[in-house]
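Numbering (our numbering), first residue to last: 521 to 903.
Note that CB positions come from ideal geometry on N, CA and C, so glycine has one too.
One structure below.
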Amino acid sequence: MVILNNQINEIISFAGEHSPFWKERLKGRKFHEIPVLKKSELPMIQRNGLPFGGLTAVPMENIARIFMSPGPIYDPQGKQEDYWRFSEALEIAGFGPGDLVLNTFSYHLSPAGFMFDSALRKLGVTVIPAGVGNTDLQVQILKDCKVTGYVGTPSFLAALLEKAREARYQLGDDLQISKAFFTAEKLSDSLKKDWVENGISVFEGYGTADAGCIAYEDGENKGLRIHSSVFVELCDPETGHPIEKGEMGEVVITLMDKTYPLIRFGTGDLSSWTPGEEGRYLTGVLGRVGDGIKVRGMFVHMKQFAPLLEEYPEIKYYQCVVNREGNRDTITFYLEGIDDSFSVDSLQQRLKNVIRVSPDVVGVPLHSLSRSEAQFIDKRKWD
521 MVILNNQINE
531 IISFAGEHSP
541 FWKERLKGRK
551 FHEIPVLKKS
561 ELPMIQRNGL
571 PFGGLTAVPM
581 ENIARIFMSP
591 GPIYDPQGKQ
601 EDYWRFSEAL
611 EIAGFGPGDL
621 VLNTFSYHLS
631 PAGFMFDSAL
641 RKLGVTVIPA
651 GVGNTDLQVQ
661 ILKDCKVTGY
671 VGTPSFLAAL
681 LEKAREARYQ
691 LGDDLQISKA
701 FFTAEKLSDS
711 LKKDWVENGI
721 SVFEGYGTAD
731 AGCIAYEDGE
741 NKGLRIHSSV
751 FVELCDPETG
761 HPIEKGEMGE
771 VVITLMDKTY
781 PLIRFGTGDL
791 SSWTPGEEGR
801 YLTGVLGRVG
811 DGIKVRGMFV
821 HMKQFAPLLE
831 EYPEIKYYQC
841 VVNREGNRDT
851 ITFYLEGIDD
861 SFSVDSLQQR
871 LKNVIRVSPD
881 VVGVPLHSLS
891 RSEAQFIDKR
901 KWD
């Protein structure tokens, strides 16, 4: 802990000297006096000084890539090897030299693809940059290349293996996949049990587009182990004060990164400490502080789609429902007031461009939607 305290003091000193934003925010404050920086604040902060709002602490030539998350939020990538630090988690999960891994996270605007690509390459792994979609081609790759590992969401692996079964490919024979690492989406107990019984070791991690790897499973069955480079607090979302033992609070991180120092950064995720392991293991992501709902690995916010729907006077009322069919998340917009002349396809495409997830759009009779329910609601049930 002494080493970690020294690292925190070092990053605070560096950020206060090199980042315009942090220079003002840190002025004269002790660590726990620093206000929690909410992720929901980033779009406004960045708009006042695009692209990063003065949060970075290095010149632009030291930034390798810029990504865009919903908000929009611009996320920088530094030039360090394994910048997002997922190699620590992947190595414990058994990934290493000799593995051929299908990376199904997107390489387009979202940093997730590069997060895992760089971490796997650091471990000496050969990477197939597959991204999402094209399930037929990806199943062929799994078979032809004798892929041994997978990184992505559990729902997409389930879709690939279902497609493989339809093609009568068998795990352990036609398919050599033996390990999988998931993040961005909850893994159901039934899927985990099925894959483990079929010879696939399964590990989960927790990270964000802003911070990279925060915590991960290490095989000890204690929850999610805090990454060695991150200081995590669980705080009251309203006051920013650390919670009492046994309570649930917002995950607030301090990241030892001189490119993009995040100090007391509120992720918006809720968690609790594993009993007896306070400060070392999280029980998992138990919910969200704000209105964001994660769908197929992407956070969707009502403030993204509400202005778009308000452009259509024929829509008298709407409700957006997130649900789950089999192993796949669905997001459906139910609209009151539209008729057969309404261009559903056009709206679907516009919504997809905004929320970056393909939705369904369904017309329903006037006054058929419940006004007592939220207009943006998650109805998924997990086993």
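Using the C-alpha atoms, what's the distance from residue j back to residue i?
i, j, result
"Arg549", "Ile532", "10 angstroms"
"His887", "Ile858", "12 angstroms"
"Ile773", "Lys642", "25 angstroms"
"Leu802", "Glu834", "46 angstroms"
"Ile612", "Tyr736", "9 angstroms"
"Lys713", "Ser721", "10 angstroms"
"Gly786", "Gly669", "32 angstroms"
"Leu744", "Gly766", "16 angstroms"
"Trp793", "Asp664", "43 angstroms"
"Glu770", "Ile783", "14 angstroms"
"Ser630", "His761", "31 angstroms"
"Met776", "Asn529", "10 angstroms"
"Lys899", "Asp694", "37 angstroms"
"Pro781", "Ile565", "15 angstroms"
"Asn582", "Leu570", "17 angstroms"
"Gln715", "Ala678", "Checking the sequence, you will find Trp at residue 715 rather than Gln. Approximately 9 angstroms, taken between the alpha carbons."
"Asp756", "Pro674", "31 angstroms"
"Thr779", "Val842", "36 angstroms"
"Ala609", "Arg800", "14 angstroms"
"Leu829", "Arg567", "23 angstroms"
"Asp849", "Asn526", "43 angstroms"
"Asn575", "Lys558", "The residue asked about is misnamed: residue 575 is Leu in this sequence, not Asn. Cα to Cα, the separation comes out at about 13 angstroms."
"Glu831", "Leu867", "11 angstroms"
"Pro617", "Phe701", "16 angstroms"
"Leu754", "Asn847", "31 angstroms"
"Tyr838", "Glu724", "35 angstroms"
"Ala894", "Pro579", "44 angstroms"
"Gln869", "Gly796", "48 angstroms"
Short of 8 angstroms in beta carbon distance, which residues of its chain neighbour residue i, apart from the five on each side in sequence? Order them along the chain.
i, result
"Phe825", "Cys840, Phe853, Leu871, Val874 and Ile875"
"Ser626", "Ala632, Gly633, Gly651 and Val652"
"Gly692", "Asn718 and Gly719"
"Ser698", "Thr668, Gly669, Gly719, Ile720 and Ser721"
"Met521", "Caution is warranted here: a pLDDT of 49 is assigned to Met521, below 50, making its placement in the model unreliable, and the coordinate value is therefore given only provisionally. For Met521, where only same-chain residues beyond five positions count, there are no Cβ hits under 8 angstroms."
"Pro555", "Arg545, Gly760 and Arg784"
Could you tell me the boundaries of the beta strand (DSSP E) in which residue i lies?
i, result
"Pro649", "Thr646 to Pro649"
"Ile746", "Leu744 to Ile746"
"Ile851", "Arg848 to Glu856"
"Arg784", "Leu782 to Ser791"
"Asp865", "Segment Val864 to Ile875 is the alpha helix (DSSP H) holding Asp865; no beta strand (DSSP E) there."
"Asp880", "Asp880 to Val884"
"Ala700", "Lys699 to Phe702"
"Glu770", "Gly769 to Leu775"
"Leu754", "Val750 to Cys755"
"Phe723", "Ser721 to Thr728"
"Phe819", "Met818 to Val820"
"Lys814", "Ile813 to Val815"
"Ala735", "Gly732 to Tyr736"
"Leu889", "Per DSSP, Leu889 belongs to no beta strand (DSSP E) and is neither H nor E."
"Val809", "Counting along the chain, Val809 falls outside any beta strand (DSSP E), and DSSP gives it neither H nor E."
I need the boundaries of the alpha helix (DSSP H) containing residue i, first residue and last residue.
i, result
"Glu682", "Pro674 to Glu686"
"Phe634", "Ala632 to Lys642"
"Glu904", "Since the first residue of the chain shown is 521 and the last is 903, residue 904 is not available in this structure."
"Leu612", "For clarity, residue 612 is Ile in the given sequence; the question names Leu instead. Ser607 to Ile612 is the span of the alpha helix (DSSP H), which, as asked, contains Ile612."
"Ile661", "Thr655 to Asp664"
Based on the DSSP output, what are the partners of residue i in its beta bridges?
i, result
"Phe587", "Asp595"
"Val915", "Because the chain spans 521 through 903 in this model, residue 915 falls outside it and cannot be assessed."
"Glu601", "Paired residue(s): none; Glu601 is not in a bridge."
"Lys558", "Gly786"
"Asn525", "Paired residues: none, contrary to the question."
"Arg567", "Its beta-bridge partners do not exist; DSSP assigns none."
I'd like the list of long-range same chain contacts for residue i, defined as Cβ closer than 6 angstroms, with 5 residues on each side in sequence excluded.
i, result
"Ser638", "Asp602"
"Asp880", "Thr852"
"Trp542", "Ala535 and Gly536"
"His538", "Ala577"
"Gly788", "Lys559, Arg808, Val809 and Gly810"
"Pro540", "Gly574"
"Leu855", "Ile835, Tyr838 and Gly883"
Rounded to whole angstroms, how far is the Cβ of residue i from the Cβ of residue j, which I believe are closer than 8 angstroms?
i, j, result
"Pro590", "Met818", "7 angstroms"
"Asp595", "Ala729", "5 angstroms"
"Leu680", "Leu662", "7 angstroms"
"Ile813", "Phe896", "7 angstroms"
"Ala584", "Gly598", "7 angstroms"
"Gln696", "Lys666", "5 angstroms"
"Leu790", "Val809", "6 angstroms"
"Tyr726", "Val805", "6 angstroms"
Using only the heavy atoms of the ligand GTP, determine whether one of them is closer than 6 angstroms to the beta carbon of residue i.
i, result
"Arg685", "The model depicted lacks the ligand GTP and carries no ligand whatsoever."
Using a Cβ-Cβ cutoff of less than 7 angstroms, which residues in the same chain neighbour residue i once the five nearest sequence positions on both sides are dropped?
i, result
"Arg605", "Gly732, Cys733, His747 and Ser749"
"Phe636", "Phe606, Asn623, Phe625 and Val671"
"Lys683", "Thr655, Asp656 and Val659"
"Arg891", "none"
"Gly614", "Lys699 and Ser721"
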